[in-house]
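In what follows, a single structure is set out as structure tokens and then discussed.
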Amino acid sequence: MGAEQSSFQDRIERIEKKAKETASKAPPPRVESIWQRLGYPASFVGAFFLGIFAAFLIRYIQYHLVGVPGSGQLGVQEIIGIGLASCAGFFVSFFLKDRQKEFASCVTAGVLLTTFTYHNLVWEYPDVFERIYGKDWVEFVEKLTEPSSLYVFGNVIKLS
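Positions 235 to 394 (our numbering) are the ones given, in order, by the sequence shown.
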């Protein structure tokens with residue numbers, strides 16, 4: 235019994251020694267600053283604004299390439315705008331690599347919000363949009379929509 239007890243005690247000592255060696259080699263605990271901890275949620279906000287910017291940019295490019303859409307092209311223009319803005323947002327999110335899936339929904343939400351409410355900014359700031367897009371485009375948007383509303387595939391939904 236004494237040899238077994240001694241062997242067991244030797245094993246416990248070896249395990250404790252190995253545990254101490256491993257603990258001494260472990261890196262110190264990582265201390266994150268407040269900016270590092272806020273970076274992750276802020277990147278969701280950034281992805282949302284990326285979607286908004288992509289929708290603005292696509293509208294701008296569409297207007298300067300195609301001009302004011304014809305009456306039969308309105309729904310198609312929105313679908314193309316949503317598709318192109320989403321593609322632009324996903325293209326930029328490829329630079330985020332491992333976070334791409336997490337931020338794709340924020341980019342899409344930004345694109346959809348901007349697509350369906352963009353005209354409200356035109357109603358609020360027509361002079362700015364006349365300089366960017368042109369007077370004909372602003373008149374077209376004001377004729378087609380109402381202020382404080384959603385414009386969803388040709389349907390105006392009044393909010394107030």
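Virtual Cβ for every residue (Gly too), placed ideally from N, Cα, C.
Own chain residues within Cβ distance below 8 Å of residue i, not counting five before or after
{"i": "I268", "result": "none"}
{"i": "S394", "result": "S382"}
DSSP-derived helix/strand/coil call for residue i
{"i": "Y385", "result": "strand"}
{"i": "V265", "result": "coil"}
{"i": "V300", "result": "helix"}
Close-in-space but distant-in-sequence residues of the same chain around residue i (CB under 6 Å, 5 per side omitted)
{"i": "F278", "result": "C340"}
{"i": "A319", "result": "A288, A289, I292, V345"}
{"i": "A338", "result": "none"}
{"i": "F363", "result": "V356, V372"}
Identity of the residue in the options nearest residue i by Cα
{"i": "K377", "options": "A343, N354, K254, V362", "result": "N354"}
{"i": "Y385", "options": "D361, W357, K252", "result": "W357"}
{"i": "L347", "options": "F282, T379, I366", "result": "F282"}
{"i": "L299", "options": "S383, Y367, T379", "result": "Y367"}
{"i": "R365", "options": "Y294, S383, T256", "result": "Y294"}
Where residue i falls, given that 16 or more other Cβ within 10 Å makes a residue buried
{"i": "F284", "result": "Rather than Phe, the amino acid found at residue 284 in this sequence is Leu. When all chains shown are included, L284 counts as buried."}
{"i": "T349", "result": "buried"}
{"i": "V390", "result": "exposed"}
{"i": "G388", "result": "exposed"}
{"i": "G315", "result": "buried"}
{"i": "I313", "result": "exposed"}
{"i": "I286", "result": "buried"}
{"i": "V265", "result": "exposed"}
Closer than 7 Å: residue i CB and nearest the ligand FMN heavy atom
{"i": "F290", "result": "No copy of the ligand FMN appears in this structure; indeed no ligand is present at all."}
Other residues of its chain near residue i: CB distance less than 7 Å, five sequence neighbours each side excluded
{"i": "W371", "result": "Y297, V302"}
{"i": "P381", "result": "N354, W357"}
{"i": "I246", "result": "none"}
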